[in-house]
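To get this note's numbering, take the position in the sequence shown, counting from 1, and add 3.
C-beta atoms are modelled at their ideal positions from N, C-alpha and C, and glycine is treated no differently.
Note that the structure is a prediction, hence the values are computed from the model and not measured.
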Amino acid sequence: MAKMQREKGARGERELFSLLSNELGTVVQRNLVQTRDSGADSLSIPGFAIEVKRQETPFRQAWWDQVNATRHQNGGVIPVLFYRQSRRPWTAVFDLADIYPNVDAGSLCHTDLSTICQLIREELPHVREKEKAVA
4 MAKMQREKGA RGERELFSLL SNELGTVVQR NLVQTRDSGA DSLSIPGFAI
54 EVKRQETPFR QAWWDQVNAT RHQNGGVIPV LFYRQSRRPW TAVFDLADIY
104 PNVDAGSLCH TDLSTICQLI REELPHVREK EKAVA
């Protein structure tokens, strides 16, 4: 990957994590120690693995596959992919089955930033209860 692409990706991560931090009222940080093929860009929201793509290409299944691979490596976290093209808003992709157990796995939902933040806020108490039960 070229230096300009890496810098664009890092700027995209910082931009998104600032927006998420403001929306969620918690600090969302970059995961600087990640593997190339399966690491998440952030694991700082309990129970969620965040992957960020700041590219001109519309959604790619390979992006989803990358963040979905983090599910098992990081203790069953809920993967969420965020992507944005220039002069477009951020879009979040997640599997509805991760939030709603009666939905078939693989039912990908594309939504806006405020909607995914609302879902994350609703899920955080459940995630924290699960963490306490395991501890």
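Query, Result
"Segments assigned alpha helix (DSSP H), at least 4 residues, entirely inside the stretch 36–107", "64–71, 73–76 and 99–102"
"Nearest neighbour of residue 56, chosen from 49, 69, 119 and 25 [CA to CA]", "69"
"Rounded C-alpha distance that separates residue 129 from residue 81", "12 Å"
"Proximal residues to residue 19 (C-beta, below 7 Å), its chain only, five neighbours per side dropped", "55, 85 and 93"
"Cα-Cα separation, residue 122 to residue 100", "13 Å"
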